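Note that this note's numbering has the sequence shown beginning at 348, numbered continuously upward. Think of the CB as a built atom: it goes at the ideal place given N, C-alpha and C, for glycine as much as any other residue. Given the structure is predicted, the values throughout are model-derived calculations rather than measurements. Structure first, commentary second.
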Amino acid sequence: MDAEPWVSLFSGGKDSNWALYRALEADYPVERLVTVHPEGDSYMYHTPATHLATLAAEAIGIPLVDVHPGDLDALDAEDSGKQGDRELEPLEAALVDLRDDLGGLGGVTAGAIESEFQTYRIEEMADRLGCEVFAPLWQRDPSALAADMLDAGFEITVLQVAAYGLDESWLGRTLDADAIAELEALNDEYGVHVLGEGGEFETFVTDGPHFDQRIDFDYDTVWEGNRGYVEITDAELV
């Protein structure tokens, strides 16, 4: 095992939390979490309620580094590759600074399941930084992965939905076994990804085996006809 410090690419959602949890289980020396706070939509990053990552980092007990890239322009469907590259630049600059501050960088954790768009760019970035990538979700069966998360004790809340078959009742819902069964049915009927990999839904983890405290939050829901999101009004560690 490389003794150099590791960094976890962390949004507070289920996928980045699972990558972090599995890295800690495998004794990777994760010394920092890094959260990117994009303005608006993003090809590369989880976007809803990223400010809660601060509480999550405190609950987990690993220092957090925030990256605020500013306005990276509207998503360009005609040139998504260049957009993704542009979105990655602030993260890579932050990791260069961290490598200097920590005296090295052994690797980064990543929560991608099937997105070659994201994974390719993270791997290319890691090559430039001279470090490894730990991606324990990559190409795993989504239903099996969901079952593993629940068996491990992850408490997962749905923060945002944007897919046919997911209505307002999903906002704020706990992603438990019943919810996963419904998502599997929606996958069969409409092609909804069981873990929301295509942006169908976004989540936040309020507790897990790697947490020392759990997170409680209050919220309002905002529904926009065919998509919606949770607006956090208060949050605390308990």
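Check this for me: beta carbons of D563 and E502, under 8 Å apart or not? no
Considering just the uninterrupted stretch of the beta strand (DSSP E) at E583, what are its terminal residues? 575 to 584
Ends of the alpha helix (DSSP H) at W365? 361 to 372
Using 10 angstroms around the beta-carbon of Y375, count the other beta-carbons present and answer buried if the total reaches 16, otherwise exposed. buried
With three or more beta-carbon pairs closer than 8 Å as the criterion, would you say the region 357 to 370 touches the region 443 to 458? yes
Less than 8 Å between the C-beta atoms of T504 and T568, yes or no? no
Of the choices P483, H415, T521, G519, whose alpha-carbon is the least far from that of E372? P483
Check whether L438 and L445 have beta carbons under 8 Å apart: no
Reducing DSSP to helix, strand and coil, say where Y566 ends up. strand
Where L356 falls: helix, strand or coil (DSSP): strand
Hey, P416 and R379 are a contact pair by Cβ (cut 8 Å); roughly how many whole angstroms apart? In fact, because the Cβ distance is near 18 Å, the residues do not count as touching under 8 Å.
Who are E479's beta bridge partners in DSSP? G454
Flag this pair as yes or no: are the beta carbons of A441 and V414 separated by less than 8 Å? yes
Just curious, the alpha helix (DSSP H) that E529 is in, first and last residue? 524 to 537
I'd like to confirm the pairing. Which residues does DSSP put opposite T504 in its beta bridges? T521, F551
Over the uninterrupted alpha helix (DSSP H) stretch that includes T401, give me the two end residues. 400 to 407
Does the Cβ-Cβ distance between F548 and L513 come in under 8 Å? yes
Using three-state DSSP, classify L484 as helix, strand or coil. coil
Could you work out which residue in M496, D488, L506 is closest to R369 when comparing CA atoms only? M496
Quick one, which of E571, V539, D362, D488 has its alpha-carbon nearest E515's? E571
Using DSSP with H/G/I as helix, E/B as strand and the rest coil, what is D448? helix
Hey, how far is the Cα of R468 from the Cα of E436? 10 Å
Length of the line joining the Cα atoms of Y537 and E531: As the crow flies, the alpha-carbon of Y537 is around 10 Å from that of E531.
Is it the case that the Cβ atoms of A400 and Q560 are separated by a distance below 8 Å? no
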